[in-house]
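Input: a single structure, listed below in structure tokens.
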Amino acid sequence: LAQYAYLQKRKGFKPLLLLDDIFDKLDDNRMHKLMEMVSHQDFGQIFITDTGRERLLFIFNKINVQVTLFDVTNGSVNHA
Numbered sequence: 001l002a003q004y005a006y007l008q009k010r011k012g013f014k015p016l017l018l019l020d021d022i023f024d025k026l027d028d029n030r031m032h033k034l035m036e037m038v039s040h041q042d043f044g045q046i047f048i049t050d051t052g053r054e055r056l057l058f059i060f061n062k063i064n065v066q067v068t069l070f071d072v073t074n075g076s077v078n079h080a
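As structure tokens, then:
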């Protein structure tokens with residue numbers, strides 16, 4: 001997130017934020033705090049990757065944030 005803030009300040013626009021498979025690396029409390037921070041502040045476009053669709057839905061429902069999910073299987077991308 002520090003790199004995000006640096007790039008936004010330096011370039012003058014919001015960069016794309018990619019959070020790749022972070023849920024296995026954070027405990028539940030930190031995960032919820034991070035999702036609240038990036039989803040309720042003016043972060044712009046965010047891509048989050050995870051193998052657990054139900055986990056994503058649970059987290060974002062809990063913090064009352066609507067998301068668009070995509071499923072990537074064998075190189076094919078579909079709206080989930």
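1 is the number of the first residue of the sequence shown in the numbering used here; add one for each residue after it. Every residue gets a Cβ at the ideal spot worked out from N, C-alpha and C, and that includes glycine.
Stretch pair the stretch 40-49 + the stretch 24-32: three plus CB contacts closer than 8 Å: With a cut-off of 8 Å, the stretch 24-32 and the stretch 40-49 do not count as touching, because too few Cβ pairs lie within range.
Distance, V67 Cα to I59 Cα: As a first step, residue 59 must be located in the sequence shown, where it is residue number 59. As a first step, residue 67 must be located in the sequence shown, where it is residue number 67. If I take the Cα positions, the gap works out to 11 Å.
Straight-line Cα distance separating D42 from L56: Taking the first residue of the sequence shown as position 1, residue 56 is located at position 56. Taking the first residue of the sequence shown as position 1, residue 42 is located at position 42. Using only the alpha carbons, I get a separation of about 20 Å.
Rounded Cβ spacing between K62 and H32 (contact assumed at less than 8 Å): For the purposes of this step, residue 62 is taken as residue 62 along the sequence shown, with counting starting at 1. For the purposes of this step, residue 32 is taken as residue 32 along the sequence shown, with counting starting at 1. The pair is a contact, with the Cβ atoms about 7 Å apart (cut-off 8 Å).
Whether N78 touches D71 by CB criterion (9 Å): Indexing the sequence shown from 1 puts residue 78 at position 78. Indexing the sequence shown from 1 puts residue 71 at position 71. Taking 9 Å as the Cβ cut-off, N78 and D71 qualify as a contacting pair.
Nearest candidate by alpha-carbon position, reference R53, set K14, Y4, D21 and P15: In the sequence shown, the residue the question calls residue 53 occupies position 53. Ranking the options by Cα distance to R53, first place goes to D21.
Proximal residues to M35 (C-beta, below 8 Å), its chain only, five neighbours per side dropped: Here the question's residue 35 lines up with position 35 in the sequence shown. Within the same chain, I59, F60, I63 and V65 come within 8 Å of M35 by CB-CB distance, once the 5 residues on both sides are set aside.
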